[in-house]
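Trainee: When we follow our numbering, the leftmost residue of the sequence shown carries the number 1054, and every step to the right adds one. Glycine residues also receive a C-beta, built at the ideal position from the N, C-alpha and C atoms.
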Amino acid sequence: MFVGNHRSNFDPIIEWLVLKPWDIAFISKGENFKIPFFGRIIRKCCFMPIDRENPRKALRTINKASDLLQSGEVSIGVYPEGTRSKTGELLPFHDGVFHIAKKAGTPIVVMSIRGTEQIHKNVLRRHSDVYLDIVQVIPASDVENGTTHTIGAEIRNMLLDSIKDK
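This is the structure:
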């Protein structure tokens, strides 16, 4: 499972392209699938909608993601912040997403992205420098033995260290 910070709507598209060999299906809020052009792209990339207003439907998405991850059919990408950060600061985490990796018995790849928040400003004028760092891989055994809260706290600290002073 791939876990990262979230700065822009471009994050999952860029990560999906860069990490294409891992066949990542990102989980995205259902509203994103209705955005013209963007919704079409994420459907083509096999993103999975999550209904944040309906806990039962959200749990179905979490369980489906875990099953797909466990079967090896795809990797799953999530943003534990649950939404984009407008300031670049790391937002509070929703630790429930870590149930996906715990249930699937898989490692977690922690990644940090920056620069994507500039893409929409520069699209017609110049390129944007985007940086994607693989911060660390948390072994499946550590995921299995940790609680979702301790896993979330560990990943949050890794990401804070990674984006600090950059």
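List in chain order: all unbroken beta strand (DSSP E) runs of 3+ residues lying wholly within the region 1079-1167.
Mentor: The region 1079-1167 contains these whole beta strand (DSSP E) runs: 1101-1103, 1128-1131 and 1161-1167.
Trainee: Quick test of your reading: Met1164 and Val1196, contact by CB under 8 angstroms. State the CB separation rounded to the nearest angstrom.
Mentor: Counting from one through the sequence shown, the residue named residue 1164 turns up at place 111. Counting from one through the sequence shown, the residue named residue 1196 turns up at place 143. Their Cβ separation, rounded to whole angstroms, is 16 angstroms, which puts Met1164 and Val1196 out of contact at 8 angstroms.
Trainee: For my contact list, Asp1148 and Thr1201 are in at a C-beta cut-off of 8 angstroms; report their separation, rounded to the angstrom.
Mentor: Position 95 of the sequence shown, counted from the start, is the residue given in the question as residue 1148. Position 148 of the sequence shown, counted from the start, is the residue given in the question as residue 1201. So it is a contact: roughly 4 angstroms between Cβ atoms.
Trainee: Our contact map puts Gly1205 next to Pro1133 with C-beta atoms below 8 angstroms; I'd like the distance itself, whole angstroms only.
Mentor: Residue 1205 sits at position 152 when you count from the first residue of the sequence shown. Residue 1133 sits at position 80 when you count from the first residue of the sequence shown. Confirmed, Cβ separation roughly 6 angstroms.
Trainee: On the three-state DSSP scale, how would you describe Leu1070?
Mentor: For the purposes of this step, residue 1070 is identified with residue 17 of the sequence shown, where counting begins at 1. Reduced to three states, the DSSP call for Leu1070 is helix.
Trainee: Is the distance from the Cβ of Ala1157 to the Cβ of Leu1122 below 8 angstroms?
Mentor: Taking the first residue of the sequence shown as 1, we reach residue 1157 at position 104. Taking the first residue of the sequence shown as 1, we reach residue 1122 at position 69. Yes, the Cβ-Cβ distance between Ala1157 and Leu1122 is below 8 angstroms.
Trainee: Could you say which of Ser1138, Asn1198, Arg1167 and Val1131 lies nearest to Ser1081 if we only look at CA atoms?
Mentor: Taking the first residue of the sequence shown as position 1, residue 1081 is located at position 28. It is Val1131.
Trainee: For Gly1168, which residues from the same chain have a beta carbon less than 7 angstroms from its beta carbon, with the 5 sequence-adjacent residues on both sides left out?
Mentor: As a position in the sequence shown, residue 1168 is number 115, starting the count at 1. Here the set comprises Ser1181, Asp1182, Val1183 and Tyr1184.
Trainee: Check Asp1186 in the structure and name its three-state DSSP category.
Mentor: By one-based count along the sequence shown, residue 1186 stands at place 133. Correct three-state label for Asp1186: strand.
Trainee: Return helix, strand or coil for Gly1057, following the three-state DSSP convention.
Mentor: Start at 1 with the first residue of the sequence shown, and residue 1057 comes out as number 4. In this structure, Gly1057 counts as strand in the three-state DSSP scheme.
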